[in-house]
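Quick note, the sequences are listed as chains A and B, same order.
With our numbering applied, the first sequence corresponds to residues 5 to 187, in that order.
With our numbering applied, the second sequence corresponds to residues 13 to 204, in that order.
Glycine included, C-beta positions come from ideal geometry on N, C-alpha and C.
Computed from a predicted structure; not experimentally measured.
Working notes, beginning with the structure itself.
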Amino acid sequence: MFLTKKYLWVVSVLFLFLARCGETENETSGSENKEPDADYVYKVELLGQDDLQKLINQRRDRILLINVWATWCIPCREEFPDLVQLAENYKDRQVDIVAISADYPDEIETKIIPFLKSQQVNFPVYVQNFENQEDFINFLSREWSGALPASFIYNATGEQKLFLLGKQSYQEFADALQNEIEN
Amino acid sequence: MIYHKINKLTALVLLLAVFTFAFSGENFKVEDFTLPDYTGKSHSLSDYKDSQAIVLMFIATQCPVSNAYNTRMVEIYKDYQGKGVAFLAVNSNKQESIEEIAKHSRENEFKFPVLKDDKNVIADKFEAQVTPEIFVLNSDFQLLYHGRIDDSQREDNVKSQDLRKALDEILDSKKVSNSETKAFGCTIKRVK
């Protein structure tokens, strides 16, 4: 009886593993809603200028997609299922995805984490904590007005290669990342 | 080499802006334009040529950041319209109807005209990207200030009243000391 239970458990784990592999290979838009993962502990840290510079510099030969968003920004929220799907589909292709929230630090528990749970977000999320928001905006691009959402792609050596203003589709993100991978 | 794929729409905006702004001395100059308010009445920049300054405010009905500034915009209007400053709000968001703009304006007791920028033609000319976004012009339509109203969505946290400071300097015939500022806001939703 014990062996049968153990066998079923192993089969279940194997089934789930294969199912996840299938998702990885499926490069469709991640627009479907997912149930929150109640067991995962979401941690959202503050990100100052030195932290962001370090994040960009420490590339370890991986491309970086930074998405700047806020819980009050509807197009930003609409992008998240695609970002989750991208993070899954590109994790083995030398791409890191990081989101930086423009919400206030005191909104981490009340607004940010509940949203991340609802989206089953699978990449690091921070809250910008520069001395003022204008410094943060200019740090990422002098050409950026501060309109959200905005995304920035850095190559594997930490050089900014692309600034994407406004809501992007899964395919637009995928094309941009693929272009950088091939370069 | 860094390149920027801003998307086709923004490329069009930049192209239009090149044809619209003419560099004149230290300031960019914008051409006259005419837009209807939500009652159908037309307003041209040239209607306000006798003003000390013209404040154009790109706003939205649905953007939480823009809405966080509704009361502040009303207060600034009250404080400066008597000093010869003209105020025009512009709504360029494709999904926000005339009816919605009228309702929003009445609910927030806006005394300044709110113009409907159909097909975001004027937003394109100004390269406006975000709401709220402010452009202050002199009577020759030269740009004197561009950017935010102040430095915090939360009124209690404001440290720098950028628009008020710029208007005070203009009224004192001084050069605007900080003529370009930025803040987070909502992207203007343009027609494709």
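For PRO118 (chain A), is the classification buried or exposed, using 16 other Cβ atoms within 10 angstroms of its Cβ as the cut-off for buried? exposed
Select from A:ILE116, A:ASP55, A:ILE70, A:ASP54 the residue whose C-alpha is nearest the C-alpha of ARG81 (chain A). A:ILE116
Range of the contiguous beta strand (DSSP E) that encloses THR46 (chain B): 46 to 48
Closer than 8 Å, Cβ to any Cβ of chain A: which residues of the region 117 to 133 of chain B, in chain order? none
Determine the contact status of GLU145 (chain B) and ARG160 (chain B), defining contact as a CB-CB distance below 9 Å. yes
State the beta-bridge partners of VAL99 (chain A) as determined by DSSP. A:ILE67
Can you find the residues in the same chain that come closer than 7 Å, C-beta to C-beta, to ALA74 (chain A), ignoring five residues on each side of it along the sequence? CYS80, SER105, ALA106, ASP107, LEU152
Taking buried to mean at least 16 other C-beta atoms within 10 Å of its own C-beta, is TYR44 (chain A) buried or exposed? exposed
Can you grab the Cα-Cα spacing for the pair SER172 (chain B) / ASP163 (chain B), in whole Å? 6 Å
If you check the beta carbons only, do PHE167 (chain A) and LEU87 (chain A) fall under 9 Å apart? no
Is the region 122 to 137 of chain A touching the region 51 to 59 of chain A in the sense that three or more CB pairs, one from each, lie closer than 8 Å? yes
Going by DSSP, which residues form a beta bridge with CYS198 (chain B)? A:LEU152, B:THR143
Can you list, in chain order, the residues of its chain with a C-beta nearer than 8 Å to that of GLN137 (chain A)? Leave out the 5 residues immediately preceding and following it. ALA106, GLY150.
Taking a Cβ distance cut-off of 7 Å, strictly less, list which residues of the region 156 to 176 of chain B are near chain A, in chain order. ASP163
Can you list, in chain order, the residues of its chain with a C-beta nearer than 7 Å to that of ILE113 (chain B)? Leave out the 5 residues immediately preceding and following it. TYR50, THR73, ASN103, VAL126, LYS128
In terms of alpha-carbon separation, which member of B:TYR92, B:ASP184, B:LYS41, B:ASP174 lies closest to SER206 (chain B)? Any answer about residue 206 (chain B) is impossible in this case: the structure gives chain B only from 13 up to 204.
Beta carbons nearer than 7 Å to chain A: which residues of the region 92 to 113 of chain B have them? none
May I have a chain-ordered list of the beta strand (DSSP E) segments no shorter than 3 residues that lie completely inside the region 133 to 186 of chain A? 154 to 158, 164 to 169
Compute the distance between the beta-carbons of LEU181 (chain A) and LEU69 (chain A), then report whether it is under 9 Å. yes
Quick check on LYS58 (chain A): does DSSP put it in helix, strand or coil? helix
Which one of A:GLN57, A:ASN187, A:LYS58, A:GLU83 has the shortest CA to CA distance from SER155 (chain A)? A:GLU83
Cut-off 6 Å between Cβ atoms - residues of its own chain near VAL42 (chain B), not counting five sequence neighbours on either side: PHE153
So what does DSSP say about GLY159 (chain B), is it helix, strand or coil? The answer is strand: DSSP assigns GLY159 (chain B) an E or B state.
Between THR143 (chain B) and VAL77 (chain B), which are expected to be in contact by the criterion C-beta below 8 Å, what is the C-beta distance as a whole number of angstroms? 7 Å
Please report the straight-line C-alpha distance between TYR158 (chain A) and CYS198 (chain B), rounded to a whole angstrom. 24 Å
Which listed residue (A:VAL102, A:LYS95, A:SER173) has its alpha carbon closest to that of ASP55 (chain A): When only C-alpha atoms are compared, the closest one is A:VAL102.
Answer with yes or no whether the minimum CB distance from SER149 (chain A) to chain B is below 9 Å. yes
Less than 9 Å between the C-beta atoms of ASN132 (chain B) and ILE200 (chain B), yes or no? yes
Rounded C-alpha distance that separates LYS3 (chain A) from TYR60 (chain B): This structure gives no information on residue 3 (chain A), because the portion of chain A shown stretches from 5 to 187.
Nearest CA to the CA of SER173 (chain A): which residue from A:GLN89, A:LYS121, A:LYS58? When C-alpha distances from SER173 (chain A) are compared across A:GLN89, A:LYS121, A:LYS58, the shortest belongs to A:GLN89.
Within 9 Å of any Cβ in chain A, is that where the Cβ of ILE200 (chain B) sits? yes
Residue nearest to LYS123 (chain B) in terms of C-alpha spacing, selected from B:PHE45, B:LYS187, B:ASP91: B:ASP91
ALA195 (chain B): contacting residues in chain A (beta-carbon distance under 9 Å): GLN137, GLU138, ILE141, SER149, GLY150
With H, G and I counted as helix, E and B as strand and the rest as coil, what does DSSP make of VAL72 (chain A)? strand
Ignore the nearest five residues each way along the sequence and tell me which others in ASN82 (chain B)'s own chain have a CB closer than 7 Å to its CB. ASN120
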